[in-house]
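So the structure is just underneath, and the comments pick up after that.
Numbering (our numbering), first residue to last: 18 to 117.
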């Protein structure tokens with residue numbers, strides 16, 4: 018168990034906890050974050066070659082491989098940055114406007 022009191026320090030007159038410390042066993046898997054995006058990636062599975070580059074570069078780690086070996090974003094966690102669409106070598110991913 019981590020003693021969080023030992024991780025505190027003073028910055029000027031303010032006491033702060035050292036950065037990067039979680040005080041709970043929180044998980045991004047339990048906190049769906051996809052609801053705030055303006056654009057979402059759509060994968061054309063007929064064009065996707067299954068190279069996995071989108072999976073490798075996704076900063077959110079929300080790209081998943083399906084049973085056919087093709088990749089697409091888990092929209093519960095995708096924030097719509099568009100990096101996957103920009104870097105896809107065969108342009109199988111397009112960004113479309115999120116409609117609520």
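Just so it is clear, CB atoms sit at the ideal spot from N, CA and C, and this is done for glycine as well.
In this chain, residue 104 is not harboured by any beta strand (DSSP E); it is covered by the alpha helix (DSSP H) spanning 100-104. Shown here, residue 47 sits in a helix according to DSSP, grouped into three states. Just so you know, the alpha carbons of residue 49 and residue 76 end up roughly 15 angstroms apart. Contact check for residue 101 and residue 110: beta-carbon distance about 5 angstroms, within the 8 angstroms limit, so the pair qualifies. Within 10 angstroms of the beta-carbon of residue 73 lie fewer than 16 other beta-carbons, which makes it exposed. Relative to residue 70, the option among 80, 61, 63 whose CA is nearest is 80. Taking the Cα of residue 95 as reference, the smallest distance to any Cα among 25, 27, 52 is reached at 52.
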